[in-house]
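If you read the protein sequences in the order shown, they are chains E and H. No gaps in the numbering here: position 139 of the first sequence is 149 in the working numbering, and each next residue is one more. No gaps in the numbering here: position 496 of the second sequence is 506 in the working numbering, and each next residue is one more. Quick notes on the structure that follows.
Number of protein chains: 2
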Amino acid sequence: MSAIKELTEYFKEIQKLSYISNLLEWDQQVNMMAYKSVEGRSEQRALIKKLLHKRLTSDKAGNLISEAEKLKDLNDIDAAIIREAKRAYEQEIKLPEGLVVEIEKTSALAQQKWQEARKKSDFKLFEPLLKKTVELQREKATKLETYPDLYSTLIDLFEPGTTYDWIANVFNSIKPKLTDFVKKLNTSSNKPDDSILQKNYDEDKQYKLSREILEKIGFDLGYGRQDKVTHPFTTSLAPLDVRITTRTTEPFPDCITGTIHECGHALYEMGIKKELHDTILCGGTSLGIHESQSRMWENIVGRSKEFWQYWYPTFQKSFPENLKDYPLEEFYRAINVVQPSFIRVNADEVTYGLHIILRFEIEKDLIEDKIQVNELPELWNSKMEDLLGIVPPNDKEGVLQDVHWSMGYIGYFPTYFLGSLYASQIYNDALKKMPNLNNDYKNGEFSNLLNYLRENIHQHGSVYRATDLIKRVTGEQLNPNYFFEYVEKKLYPIYQL
Amino acid sequence: MSAIKELTEYFKEIQKLSYISNLLEWDQQVNMMAYKSVEGRSEQRALIKKLLHKRLTSDKAGNLISEAEKLKDLNDIDAAIIREAKRAYEQEIKLPEGLVVEIEKTSALAQQKWQEARKKSDFKLFEPLLKKTVELQREKATKLETYPDLYSTLIDLFEPGTTYDWIANVFNSIKPKLTDFVKKLNTSSNKPDDSILQKNYDEDKQYKLSREILEKIGFDLGYGRQDKVTHPFTTSLAPLDVRITTRTTEPFPDCITGTIHECGHALYEMGIKKELHDTILCGGTSLGIHESQSRMWENIVGRSKEFWQYWYPTFQKSFPENLKDYPLEEFYRAINVVQPSFIRVNADEVTYGLHIILRFEIEKDLIEDKIQVNELPELWNSKMEDLLGIVPPNDKEGVLQDVHWSMGYIGYFPTYFLGSLYASQIYNDALKKMPNLNNDYKNGEFSNLLNYLRENIHQHGSVYRATDLIKRVTGEQLNPNYFFEYVEKKLYPIYQL
Numbered sequence: 011m012s013a014i015k016e017l018t019e020y021f022k023e024i025q026k027l028s029y030i031s032n033l034l035e036w037d038q039q040v041n042m043m044a045y046k047s048v049e050g051r052s053e054q055r056a057l058i059k060k061l062l063h064k065r066l067t068s069d070k071a072g073n074l075i076s077e078a079e080k081l082k083d084l085n086d087i088d089a090a091i092i093r094e095a096k097r098a099y100e101q102e103i104k105l106p107e108g109l110v111v112e113i114e115k116t117s118a119l120a121q122q123k124w125q126e127a128r129k130k131s132d133f134k135l136f137e138p139l140l141k142k143t144v145e146l147q148r149e150k151a152t153k154l155e156t157y158p159d160l161y162s163t164l165i166d167l168f169e170p171g172t173t174y175d176w177i178a179n180v181f182n183s184i185k186p187k188l189t190d191f192v193k194k195l196n197t198s199s200n201k202p203d204d205s206i207l208q209k210n211y212d213e214d215k216q217y218k219l220s221r222e223i224l225e226k227i228g229f230d231l232g233y234g235r236q237d238k239v240t241h242p243f244t245t246s247l248a249p250l251d252v253r254i255t256t257r258t259t260e261p262f263p264d265c266i267t268g269t270i271h272e273c274g275h276a277l278y279e280m281g282i283k284k285e286l287h288d289t290i291l292c293g294g295t296s297l298g299i300h301e302s303q304s305r306m307w308e309n310i311v312g313r314s315k316e317f318w319q320y321w322y323p324t325f326q327k328s329f330p331e332n333l334k335d336y337p338l339e340e341f342y343r344a345i346n347v348v349q350p351s352f353i354r355v356n357a358d359e360v361t362y363g364l365h366i367i368l369r370f371e372i373e374k375d376l377i378e379d380k381i382q383v384n385e386l387p388e389l390w391n392s393k394m395e396d397l398l399g400i401v402p403p404n405d406k407e408g409v410l411q412d413v414h415w416s417m418g419y420i421g422y423f424p425t426y427f428l429g430s431l432y433a434s435q436i437y438n439d440a441l442k443k444m445p446n447l448n449n450d451y452k453n454g455e456f457s458n459l460l461n462y463l464r465e466n467i468h469q470h471g472s473v474y475r476a477t478d479l480i481k482r483v484t485g486e487q488l489n490p491n492y493f494f495e496y497v498e499k500k501l502y503p504i505y506q507l
Numbered sequence: 011m012s013a014i015k016e017l018t019e020y021f022k023e024i025q026k027l028s029y030i031s032n033l034l035e036w037d038q039q040v041n042m043m044a045y046k047s048v049e050g051r052s053e054q055r056a057l058i059k060k061l062l063h064k065r066l067t068s069d070k071a072g073n074l075i076s077e078a079e080k081l082k083d084l085n086d087i088d089a090a091i092i093r094e095a096k097r098a099y100e101q102e103i104k105l106p107e108g109l110v111v112e113i114e115k116t117s118a119l120a121q122q123k124w125q126e127a128r129k130k131s132d133f134k135l136f137e138p139l140l141k142k143t144v145e146l147q148r149e150k151a152t153k154l155e156t157y158p159d160l161y162s163t164l165i166d167l168f169e170p171g172t173t174y175d176w177i178a179n180v181f182n183s184i185k186p187k188l189t190d191f192v193k194k195l196n197t198s199s200n201k202p203d204d205s206i207l208q209k210n211y212d213e214d215k216q217y218k219l220s221r222e223i224l225e226k227i228g229f230d231l232g233y234g235r236q237d238k239v240t241h242p243f244t245t246s247l248a249p250l251d252v253r254i255t256t257r258t259t260e261p262f263p264d265c266i267t268g269t270i271h272e273c274g275h276a277l278y279e280m281g282i283k284k285e286l287h288d289t290i291l292c293g294g295t296s297l298g299i300h301e302s303q304s305r306m307w308e309n310i311v312g313r314s315k316e317f318w319q320y321w322y323p324t325f326q327k328s329f330p331e332n333l334k335d336y337p338l339e340e341f342y343r344a345i346n347v348v349q350p351s352f353i354r355v356n357a358d359e360v361t362y363g364l365h366i367i368l369r370f371e372i373e374k375d376l377i378e379d380k381i382q383v384n385e386l387p388e389l390w391n392s393k394m395e396d397l398l399g400i401v402p403p404n405d406k407e408g409v410l411q412d413v414h415w416s417m418g419y420i421g422y423f424p425t426y427f428l429g430s431l432y433a434s435q436i437y438n439d440a441l442k443k444m445p446n447l448n449n450d451y452k453n454g455e456f457s458n459l460l461n462y463l464r465e466n467i468h469q470h471g472s473v474y475r476a477t478d479l480i481k482r483v484t485g486e487q488l489n490p491n492y493f494f495e496y497v498e499k500k501l502y503p504i505y506q507l
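Below, the structure is given as structure tokens:
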């Protein structure tokens, strides 16, 4: 067997173990919400991580990589397999097995504790495990030392090649523009009224509609599932087993937009070409690019007027008590209201970035030990006031709203807003090639967009790094101007400015 | 660390891998019914079996067992750990890794194919994978060679220490008694009328009631789940994570009795003492003893008059259109009707044994290559006619009804009827100690029986072999007379004989 083939095969077993690890986690989040003990699951998760660690850091892995690196004239896929295998090996070999196991055990326990704390809106319940999580992540970053600063090292795990400074540079240039834009919209004398969204919408009906939209957009229920959870997420349990989750408990229409968001992630994973299945490249290339897919479907498509021209009559039939006599135009304006709110995942497209910047700034100081875990609730609230002018009434709607930290994901949040920026830039390119794209949505037709994304993004999995991919697709590096062009073009008419 | 402690710890990782294997299978059966491909899952399941095989057959495992065997004056638990570790090691080391992997892959694919074939009632669809399964099991038995005959070797995997001859001896003595008993009941001039069960009972309401009964009996939903499936089963995903499944599609009240049956299995697993958690002894000691628990709860408790004295009013409220004016006494008689039927899991307590004998005889010839897979449908039907006097109208209600063969379980079926026999014998002992036990059920009180079972059976996990356990508990070896005493005492009054 050639060196590259052997390396590819060696890492396929690693990929399969990762899928098993994902199942253990998916099942915990979906099926074990009412459990009194997740101790057993925590140990099983740790065991799989230990086996992954052993296989990743073996001499054989190291040798296979060295051998493969000697090869010349590789195609893009083989080169990427070596690149990603080497990256995974070099990272993992710096981490002691005990740390890997401890991180996973803690994550399983902390997820359950976070759920309980969030439900009871009691940060103190979560505090000890969050403290431990932060310490473990700090230790991990210290060992990895990919970059001189800890936070960059953690960010790089989610957005390979990206540093704190690079993101801070992007975010700092955007922050004042975002706040100015929010202010400007609010000078309108004809702001949209979103009180229609505060009415009661039956949860089962919402869920049923979310399923219908999911399938229409292109999610194949023969290769995946949709389930209900506390905090929506998407995960792959095999190349042809991609699962999304939905919550119906949030204000309307977040069940719908949230489902479309997760569907965007799922379509990415489902669209990876067969050649890459089970290889180390069988996954989105970075979380920023992943979020570009989810946020594009959620917002650029799912909050467009054309989308609702198709779906609104169905919604009117499902919720006649609220929508029968309510005009589509006003509904469209309502779901695009820009206003400070507490919950990130429910935030509008403009203030969303501010939610991310808040987390980005907190994480930086937290990992560098400049702030302590017990100070988080207060700090969160004061930053909310600074950035968004509002203070959460409780921790459930503040510091406890997101699952990420419980999972040990520090450095993940900034990729969300990168996703919005990437999304606008990619969609701009799609529109150049298909200027009438949005008209498709009026007819419940989404395949042209999906095919464009499959062709340009999905099929490649992790073959190209985010920064290369965006250049391949759009001809230039990340350029936040597309985001502002998009929101201005959309929101000025909505705000009649 | 002492040799026994080291051995125990070494096998804990094996036990955890087994739980993970169970999750992969549970999830496939519960969540992937609509999937177009289970290829990925099949490979993941095979990977875990490969890892299990490697760990079980390692030199280290062999050495730890040899070291531990040198120890003297062991307590029951330590002795049993060595016994079971040695048994597992000696079996597994005879099997080539390739065979282990192939069996698991085939099982995952065959389960899906069986579902499809059963749905379409088309045996031909299932035939190729069943043929492969039989060949693989034959190869496995040939390698294992625990007993001179292949079928005994396979039976021993489910009922350690038990052979074909031993079971055939029991079954042959029972077979004529069973058929005579069925005939005798049918001489009654006042047979129960079960037409009430043929009416329509809302599936959701049935499921809700099954959940209520489950909890009342002692199933703690903080340590387990109940889900819907095609073929009901129970599995443990951790010492404190036991999951049962229910189907609502069968004739009333099989959703209820089937759920109680699975609950009986679950209570056994949930009742294993903490000291044994995650060890190789953390599971029922044999499938026969396991079935004694499920069939005791299902039939001796769940079809008793006292049980329905408590539950019937609730059922009358749920299904007033059928039951409001229908007397409890007649309902009790209806659910105890003895008559030949097609589906094993729905069979009454008496004809049930004949369903098992049918499978036992077929499996023996099948594994010894005396009959071919393609002859099964016809053979099944002709044996049904011989034993039960009826012929299934299609394969769905005949040879395709059970999931077991698709999973590679050949030699499993006979343990079901052993379970009925064990159940009567154990229950007889419980009644000796608590003569008024059945009165508990009138008040929805099940804890005395559960405590008796926990104390005498559940807590011990696999510490004692089935044959030892039954002697410990009841003072004698398996004695089928208790079964006949029980059914006669119950059914003569019902049939007014």
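Yeah, the Cβ is synthetic: ideal placement off N, Cα and C, and Gly gets one too.
Those residues of the segment 22 to 44 of chain H placed with their C-beta closer than 8 Å to a C-beta in chain E are E23, K26, L27, Y29, I30, L33, L34, D37, N41, M42, A44, ordered along the chain. Take the alpha-carbon of T240 (chain E) and the one of R257 (chain E): they are about 6 Å apart. Take A118 (chain E), set aside five residues on each side of it, and the residues of its chain with a beta-carbon closer than 7 Å to its own are Q38, V48, R51, S52, R55, in chain order. The beta carbons of L428 (chain E) and K393 (chain E) sit about 20 Å from each other, so the pair does not count as a contact at 8 Å.
Identification of residues in the segment 48 to 61 of chain E having a C-beta nearer than 8 Å to some C-beta of chain H yields E49, G50, R51, E53, Q54, L57, I58, L61, given in sequence order. Within a 10 Å sphere around the beta-carbon of K218 (chain H) sit fewer than 16 other beta-carbons, which makes this residue exposed.
With respect to the 7 Å criterion, I58 (chain H) and L27 (chain H) are classified as neighbours on the basis of their beta carbons.
Below the 9 Å Cβ cutoff, chain E contributes M42, Y45, S47, V48, G50, R51 as neighbours of D251 (chain H), in chain order. Listed along chain E, no residue sits closer than 8 Å to A276 (chain H) by beta-carbon distance, the nearest being about 14 Å off. The C-beta distance from Q303 (chain E) to L463 (chain E) rounds to 7 Å, short enough to meet the 8 Å contact threshold. For G232 (chain E), a Cβ of chain H is located within less than 7 Å of the residue's own Cβ. Taking 8 Å as the upper bound for CB-CB distance, I266 (chain E) and P424 (chain E) are not in contact here, some 26 Å apart. Just so you know, the alpha carbons of L207 (chain E) and W307 (chain E) end up roughly 20 Å apart. In the three-state reduction of the DSSP assignment, R235 (chain E) falls in the strand class, which pools E and B. The beta carbons of A476 (chain H) and G298 (chain H) sit closer together than 7 Å. In this chain, the beta strand (DSSP E) harbouring R253 (chain E) covers 251 to 256. Per DSSP, the continuous alpha helix (DSSP H) segment holding S392 (chain E) begins and ends at 386 to 398. Between L410 (chain H) and the set H:Y29, H:F133, H:W36, the nearest pair of CA atoms involves H:F133.
Counting other Cβ atoms within 10 Å of its Cβ, Q435 (chain H) reaches 16 or more and is therefore classed as buried.
Its Cα nearest to that of G418 (chain H), the residue H:E145 stands out among H:A90, H:A89, H:E145, H:Y45. Nearest in C-alpha terms to R148 (chain E), of all of E:Q382, E:A98, E:R221, E:D83, is E:Q382. Excluding the 5 residues flanking it on each side, N356 (chain E) has same chain C-beta neighbours closer than 7 Å at E260, P261, D264, in chain order. With its beta carbon less than 7 Å from one in chain H, A248 (chain E) belongs to the interface. The continuous alpha helix (DSSP H) containing L62 (chain E) extends over residues 49 to 66. Restricting attention to H:Q469, H:K406, H:E340, the CA atom closest to the CA of N200 (chain H) is found in H:E340. Per DSSP, A248 (chain H) is one residue of the beta strand (DSSP E) stretching across 244 to 248. A check of alpha carbon separations from Y157 (chain H) across H:D175, H:K141, H:L140, H:P249 identifies H:D175 as the nearest.
Beta-carbon to beta-carbon, L459 (chain E) and V311 (chain E) are separated by about 7 Å, close enough to satisfy the 8 Å threshold. The alpha-carbon separation between K500 (chain E) and F493 (chain E) amounts to approximately 11 Å. Annotation: K334 (chain H) to F325 (chain H) spans about 9 Å, alpha carbon to alpha carbon. Sequence-distant partners of R354 (chain E) (beyond 5 residues in either direction) whose C-beta falls short of 6 Å from its own C-beta, in its chain, are H365. K374 (chain E) and K15 (chain E) have their alpha carbons spaced roughly 40 Å apart.
Shown here, D37 (chain E) sits in a helix according to DSSP, grouped into three states. Under the three-state reduction of DSSP output, N200 (chain E) falls in the coil class, being neither helix nor strand.
Using a Cβ distance threshold of 7 Å, A276 (chain H) and T245 (chain H) do not count as a contacting pair.
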